[in-house]
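Asks:
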Amino acid sequence: MQKLIWLPVLTMLACFAGLLGAYANDAAGSAVAASNSSNGVLPLELLAHTSAKRWMHNAYPIGNGRLGAMIFGRVADDLVQFNEDSLWTGGPGAWSKYDGGNIIGGAAHIKAVQMAIRDHKPLPLETLRKYFRGNMRAYGRYQAFGDITIKSQYPTGNVSGYSRTLSLNSALAHVHFNIGDVAFNRTYFCSYPDQVFIARYTASQPKALTMAIGFDSPHRHCTIQAVGNRLLLTGELSSNHMGFQAVLVVRLKGGSLKDVGRHIQVDGATTVTLMLSAATAYRDQYPSYTGNDFKIFNRTIIAKAAKQSYATLLADHEQDYRALFDRCRLNLAGSAAPGPQLTTRQEFEAFTNGVSDPHFDELIFQYGRYLLISSSRAGSLPANLQGVWNDSDHPPWTCDYHMDINLQMNYWPVEATNLSPCAVPLVDFVWALQQPGHVTAETVYGAGGWTCHTMVNAFGNTAPGWGLSWGLFPAAGAWICQPIWEHYAYTLNKTYLADQAYPILKGAAQFWVDHLVRDAHGRFVSSPCISPEWGPVSQGTACDQELIWNLFTHCIEASRILHKDKAFRAKLIAMLQQLAPLRIGKAGQLQEWRQDVDKPSAFRHLSPHVGLYAGSEISPLTTPKLAAAAKKLLIWRGPGSTGWSCAWRACCWAALLDGNKAYQMYRSQIRLVSKGGYLFPNLFDTCNGTFQVDGNFGATATITAMLLQSQTDIIQLLPALPSAWPSGQVQGLVAKNAITISESWSHGVGTQATLTPQYDAVIELAPPPGERIESIRTQKGKSSRWLYVSPGIIKAELAAHQTYVVTLAVAAHAVH
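Add 224 to the 1-based position in the sequence shown for the working numbering, that's all there is to it.
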């Protein structure tokens, strides 16, 4: 399936309109009003009283999935750095022999390698290095697109009353300041319905705005030209000749403008509105990855947006954004404003120093949701290592799609926090990986189906990485299938399951049907493999076995639901039963390797824990011995060393039903970088001192996992509530089986939950630890049929679109 934005331009706008209508109606019952700015409650916004000096530390991000912008809010020399998600170097345009990084010859040697590993013979390192590493030539990097520069001349006087805000409720950035008796205001947003970036500059007195508006670009092969009220930035990347263009339209109220070479001069205006469209020649279609007419695209987008008033553009943007954001509300109590609002930096410094601040926890939770909406919408590429924001032509780790935790973590909160439409770019991206992934499966491993490895770019690079210790990870294909399945499990959209999810799952499973080998005990194991970024080359690592278990389990279930491929399903069932099981070592730890060689050793990755979170093979409710072993290894692994690694640990502690430990690990992440933590003052998460967005999404997933879990298909109410949140409520979370859930608690005890299924459902429901379910009734008071199926867990029948009220009470004895 090709990306929506690269459909023929004449039909593209109609498709966007159709998607907007569909998303407005998707899970209609789950939208929850979330205005936190009334009734004395602190607003959900980032606030500063100074302009941004540094892109990574202080600027505020806005985006619509495809476009991203960073707002600096400078008074005299304002700067907006912007991105378009498909501007990449590398790929077929950079090298005529580009083939997704594959090196021919691995298929002829794979059996010999597998046998050597099985028989404990010396590794054929020369063969591994020659045929089982990828060719990094033309891999490429995600690129910054350019800057909008606004150099203003103001009346004489001192600047006062400066504020810069980013509203999470409306996805609007604002700047306000006074010079003398003139008030200046700016509003910035990226509209998804109209696919444009908008900036509006206003003054309280007529003729107070005089400015020169221009473009800057980091790319050499481009031209900048002002034509009337339009600025054009047109060029191509030198590495691959990828064409690109940005068009900026300037509209005035009062005053005059003229084109002056490479900029537009505005004199004496009262209001200045900037409207930006940007596009490239990229098209997510194997093997060429090009073909979009970006000039026609921009012309069409600008023509449509220019016909609308600013008020209409703003209203359409807010309506579209809030239709997603307002679905889920978190109130941790105690967030009423006690006095003057602190800046985000002040609030963050207090939080870093140990102050309890439920409002800041709410802000972190919703910031992750905001970033996901802003960087992942239908028609865009999925959120990369930096979402959609990048100011460099050499970004860290190429700003790509890392498949050994990072891309998966980006989408951990998407379903449970009621943002299912934001998963569409990931689904489309993985769909497009099947063709190049099949070439990799065949060329490198002599297998059918498809797979991919640790690093994937925008051009279908599915080959192993260029280092054995981290790149030989074909289980990445199985791992990325987990969110593909969950997009069905949380929505129960059978059309999606039949048309997209099942073909993806089946192809990934086919690879493992062909590739798995039997170990010395006759059980199926992956080989050769690594435990991500934590060598050596081996067979049957816990991570791989868990991911294959997940994949086969989900593919079998999809086949059953669709009544398809009975013979293939039987094959998977047989192989699943013969899959080498997870092992528990002598010290009681979950073994990372087939051999019992684990030792206490701090390391950022928790690969053996993927079956605990976000997988479903390990759980205190269903596999208590494995859960205890996972806990032992988790303790051995030590604290996190990056934002995302702290988030993964916190999620694992939540999955182990230890809310206080989960919150402790979360607090170790949510600290200022300058104080030994992992977040910058603008709340961007970090990895080794640079921005990496997965930690932001992981923090949101952590808070969600403390409040609701359903990864094992048992819906767990308030499974890991920390003592830091004694009272509160959450509305609009989602559990598997398309059930929207709200919960409330007081004095550390759950009091009530509501469940609204989109379809008829038979569910298993677990109360909070130490509590019991007292009753389940419809809002009209009718009791639901339910019975206990195990200690503390009930089975209940729910009817579609009915809202059920679950009353909770303290149990005589803890039930978990």
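Glycine residues also receive a C-beta, built at the ideal position from the N, C-alpha and C atoms.
#1: Below 8 Å between beta carbons: does that hold for Lys375 and Asp309?
#2: For the candidate residues Tyr635, Leu857, Glu573, Leu942, whose alpha-carbon lies nearest to that of Arg593?
#3: Determine the direct distance from the alpha carbon of Gly759 to that of Gly812, and round the result to whole angstroms.
#4: Using only CA atoms, which one of Lys1004, Asn906, Gly673 lies nearest to Thr567?
#5: Quick one: Cα of Gly913 to Cα of Met280, how far?
#6: For my contact list, Leu945 and Pro992 are in at a C-beta cut-off of 8 Å; report their separation, rounded to the angstrom.
#7: Once you ignore the five residues that flank Val283 on each side, which residues in its own chain have a CB closer than 7 Å to its CB?
#8: Going by the DSSP bridge assignment, what does Glu308 pair with across the sheet?
#9: Where does Asp909 land, buried or exposed, given buried means 16+ other C-beta within 10 angstroms?
#10: Who are the near neighbours of Ala257 in its chain, counting only those whose CB is closer than 7 Å to its CB and skipping five residues on each side?
#11: When you compare each of Gly1005, Tyr386, Val304 to Thr978 by their alpha carbons, which one comes out closest?
#12: Measuring straight from C-alpha to C-alpha, what distance separates Asn288 and Phe413?
#13: Please tell me whether Thr516 and Arg523 are closer than 8 Å, where the distance is taken between their beta carbons.
#14: Quick test of the definition: if touching needs 3 or more C-beta pairs under 8 Å, does the stretch 728 to 735 touch the stretch 679 to 692?
#15: Can you tell me which of Glu988, Ala1024, Pro756, Tyr378 puts its alpha carbon nearest to the alpha carbon of Ser1014?
#16: May I ask you to report which of helix, strand or coil DSSP gives Ile629?
#17: Spell out the partners DSSP gives Asn577 in its beta bridges.
#18: Taking Gly385 as the reference, which of Phe401, Ser394, Ala395, Phe589 has the closest Cα?
#19: Have a look at Thr411, Val337, Ile797, Ala871 and flag the residue whose alpha-carbon is nearest the alpha-carbon of Glu542.
#20: Cutting at 6 Å between CB atoms, please list the residues of its own chain near Trp949, excluding the five before and the five after it.
#21: What residues are listed by DSSP as bridge partners for Ile939?
#22: If you draw a straight line from the C-alpha of Tyr363 to the C-alpha of Leu631, how long is it?
#23: Helix or strand or just coil, what does DSSP make of Ala255?
#24: Just how far apart, CA to CA, sit Ser947 and Gly972?
#25: Where does the unbroken alpha helix (DSSP H) through Leu775 begin, and where does it stop?
#26: Could you check what DSSP says for Gly245 in three-state terms: helix, strand or coil?
#27: Return the CA-CA distance between Leu498 and Leu880, expressed in angstroms with no decimal places.
#28: Determine the contact status of Thr695 and Arg278, defining contact as a CB-CB distance below 8 Å.
#29: Indicate the three-state DSSP secondary structure (helix, strand or coil) for Val749 in the structure shown.
#30: DSSP on Met799, reduced to helix/strand/coil?
#31: Starting from Thr694, trace the alpha helix (DSSP H) both ways and give me its first and last residue.
#32: Would you report the Cα separation of Ala248 and Gln982, rounded to the nearest angstrom?
#33: Between the stretch 425 to 440 and the stretch 478 to 486, can you find at least three pairs of beta-carbon atoms closer than 8 Å?
#34: Tell me which residue opens and which closes the beta strand (DSSP E) that Ile448 is part of.
#35: Over the uninterrupted beta strand (DSSP E) stretch that includes Gln976, give me the two end residues.
#36: Within 10 angstroms of the Cβ of Gln916, are there 16 or more other Cβ atoms? Answer buried if so, exposed if not.
Replies: Concretely, from the data shown:
#1: no
#2: Tyr635
#3: 22 Å
#4: Comparing Cα-Cα distances from Thr567 to each of Lys1004, Asn906, Gly673, the minimum goes to Asn906.
#5: 10 Å
#6: Contact holds; Cβ gap of about 6 Å.
#7: The amino acid occupying residue 283 in the given sequence is Ala; Val does not appear at that position. Contacts found: Ala276, Met294, Ile295, Phe296, Asn906.
#8: DSSP lists Leu291 as partners of Glu308.
#9: Counting the other CB atoms within 10 Å of its CB gives Asp909 a total of 16 or more, which places it among the buried residues.
#10: With a pLDDT of only 33 at Ala257, under the threshold of 50, the placement of this residue in the model should not be trusted; the figure read from the coordinates follows. Hits under 7 Å: Asp550.
#11: Gly1005
#12: 9 Å
#13: The question names Thr, yet the displayed sequence has Asn at residue 516. Contact: no.
#14: no
#15: Glu988
#16: coil
#17: None, per the DSSP bridge assignment.
#18: Phe401
#19: Thr411
#20: Leu556
#21: Leu989
#22: 18 Å
#23: With a pLDDT of only 37 at Ala255, under the threshold of 50, the placement of this residue in the model should not be trusted; the figure read from the coordinates follows. The answer is coil: DSSP assigns Ala255 none of H, G, I, E or B.
#24: 6 Å
#25: 766 to 786
#26: Residue placement at Gly245 is poorly supported in this model, since its pLDDT is 42, which falls under 50; the coordinates still yield a value, given next. Three-state DSSP puts Gly245 in a helix.
#27: 50 Å
#28: For clarity, residue 695 is Gly in the given sequence; the question names Thr instead. No, Cβ-Cβ distance for Gly695 and Arg278 is not below 8 Å.
#29: Of the three classes helix, strand and coil, the one that applies to Val749 here is strand, per DSSP.
#30: helix
#31: Note that residue 694 is Trp in the sequence shown, not Thr. For Trp694, the enclosing alpha helix (DSSP H) begins and ends at 692 to 695.
#32: Here the model assigns Ala248 a pLDDT of 39, short of 50, so the residue's position is not dependable and the matter cannot be decided.
#33: yes
#34: 446 to 451
#35: 973 to 981
#36: buried
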